[in-house]
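**Student:** Handing you a structure now.
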Amino acid sequence: MIIRQILNNNIALVQRGELDVMVISRGVSFKKKVGDTLTLAEVEKVFVPDSHDVLENYSYLLSHADPLTLDATEQIVKYVEDLEQKKVNDYLYLTLLDHIDYALKRAEKSQFIISPLAWEVRKFYPEQYAMGKRALAIITETTGVEFPESEAISIALHFVNLSNPEIDIEETINAMEVMNNILRIIRVHFQLDFDEGSMNYNRLVTHLQYFIQRISAGEIYKSENEELNKQIRMMYPEAYLCVNKIRIYILDRYDREITQDEETYLMLHINRVTQREEREEQQ
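Structure (structure tokens):
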């Protein structure tokens, strides 16, 4: 591999065959100059960008990252690889590096972000959340910078698609936001807090998960049992009013109407969980 550009003592841009790639290793560029050669044995990591723009972005990121940030990133990646028993892709390394670099810059100004998805990540991705907490501990141990535990939520999102590469992290985040907003609509409408450990609450959350998946995928759950729908509306008028608020939110978010059957099952789940909560509050 021929050195084309030295970014710093630890990072170089090299030509490998017909490709321009980035290599990283402690002291890999020390006392080297453009035109010198490197062997694979001399480098720890090789990044193969898939476009010129990506090459420029990652070159800048790697060359400007603090050595402690690079060290923390490498430790986290090794921890994840040991835990998952497989190599992670370069994209995870670079996105983690970018995240940690930005988080440390925010910390200098005491700017800490509280993720609105904290509950959802803990609930649906407990393993990734545990990984996020360990990664946060590694950052603190390496850099000496203390972070609130909420930062582990943001880091955990980087690990969500490790076990299932087909998961689209952006879609996952959107679905969690929609879940959070629907639950908020229900809480505000009925003016109550949920017992998150109750069976009815977990049934509601599970139903909403699949409901959101169907809505976002454009799938239609439809049998049009109009008589049942009418009966449920009459029996549970408050649940019906609440579902109408959810209907408006879904229409605004996805530009899709919910079906009559979706409405029926939402009313049933909402009534079950809210009636239980209201009874317990009155006791």
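Residues 1 to 283 in the UniProt record's numbering are what the sequence shown spells out, letter by letter. Just so it is clear, CB atoms sit at the ideal spot from N, CA and C, and this is done for glycine as well.
1) Hey, how far is the Cα of Ser29 from the Cα of Ile100?
2) Looking only at its own chain, which residues have a Cβ that is under 8 Å from the Cβ of residue 288, when we skip the five neighbours before and after it?
3) Helix, strand or coil for Arg279? Go by DSSP, reduced to three states.
4) Following the continuous beta strand (DSSP E) through Ala12, name the residue where it begins and the one where it ends.
5) Using alpha carbons as the reference points, say which of Met131, Pro237, Met235 lies closest to Tyr79.
6) Hey, how far is the Cα of Asn10 from the Cα of Leu157?
7) Under a three-way DSSP split, which group does Arg26 fall into?
8) Closer than 7 Å by C-beta to Arg4: which residues in its own chain qualify, once you throw out the five before and the five after it? Chain order, please.
9) Could you check the C-alpha separation between Tyr265 and Lys86 for me, to the nearest Å?
10) Hey, Ile232 and Met267: beta-carbon distance below 7 Å or not?
11) Compute the distance between the beta-carbons of Lys45 and Ile76, then report whether it is under 7 Å.
12) Using CA atoms only, rank isn't needed, just tell me which of Phe47, Thr37, Asn271, Ile248 is closest to Met1.
13) Near Asp82, what residues of its chain come up, given a Cβ to Cβ distance below 8 Å and the 5 sequence neighbours on each side ignored?
14) Could you give the distance in angstroms between the alpha-carbon of Ile270 and the alpha-carbon of Glu151?
15) So Thr274 and Phe190 are in contact, right, with Cβ under 8 Å, and what is the actual spacing, rounded?
16) Ile2 bridges to which residues according to DSSP?
17) As a quick exercise: from Arg272, Asp252, Leu204, pick the residue whose alpha carbon is nearest that of Pro237.
18) Are the Cβ atoms of Asn229 and Gln260 separated by less than 7 Å?
19) For Lys87, which residues does DSSP report across the bridge?
20) Rank Tyr201, Leu183, Tyr125 by C-alpha distance to the C-alpha of Cys242 and give the top, closest one.
21) Do the CB positions of Ala107 and Val145 come within less than 7 Å of each other?
**Tutor:** So, to answer that:
1) Those two C-alpha atoms are separated by around 24 Å.
2) The question about residue 288 has no answer, for the chain in this structure spans 1 to 283.
3) Annotation note: pLDDT 49 at Arg279 (below 50); position unreliable, no value reported.
4) Unbroken beta strand (DSSP E) run through Ala12: 11 to 16.
5) Comparing Cα-Cα distances from Tyr79 to each of Met131, Pro237, Met235, the minimum goes to Met131.
6) Asn10 and Leu157: Cα-Cα distance of roughly 28 Å.
7) In the structure shown, the three-state DSSP call for Arg26 is coil.
8) Result list for Arg4: Leu13, Val14, Gln15, Asp20, Val34, in chain order.
9) Approximately 42 Å between the Cα atoms of the pair.
10) Yes, these two residues count as a Cβ contact at 7 Å.
11) With respect to the 7 Å criterion, Lys45 and Ile76 are not classified as neighbours on the basis of their beta carbons.
12) Measuring C-alpha to C-alpha distances from Met1 to each of Phe47, Thr37, Asn271, Ile248 identifies Thr37 as the nearest.
13) Closer than 8 Å at the Cβ level, and outside the excluded window around Asp82, lies no residue.
14) Cα to Cα, the separation comes out at about 32 Å.
15) Rounded to whole angstroms, the Cβ separation of Thr274 and Phe190 is 5 Å, and the two are in contact under 8 Å.
16) Residue pairing for Ile2: DSSP places it in a beta bridge opposite Gln15, Thr37.
17) Comparing alpha-carbon positions, the option among Arg272, Asp252, Leu204 lying closest to Pro237 turns out to be Arg272.
18) Taking 7 Å as the Cβ cut-off, Asn229 and Gln260 qualify as a contacting pair.
19) DSSP, once it has assigned bridges, lists no residue as partnering Lys87.
20) Minimum Cα distance to Cys242 is reached at Leu183.
21) With respect to the 7 Å criterion, Ala107 and Val145 are classified as neighbours on the basis of their beta carbons.
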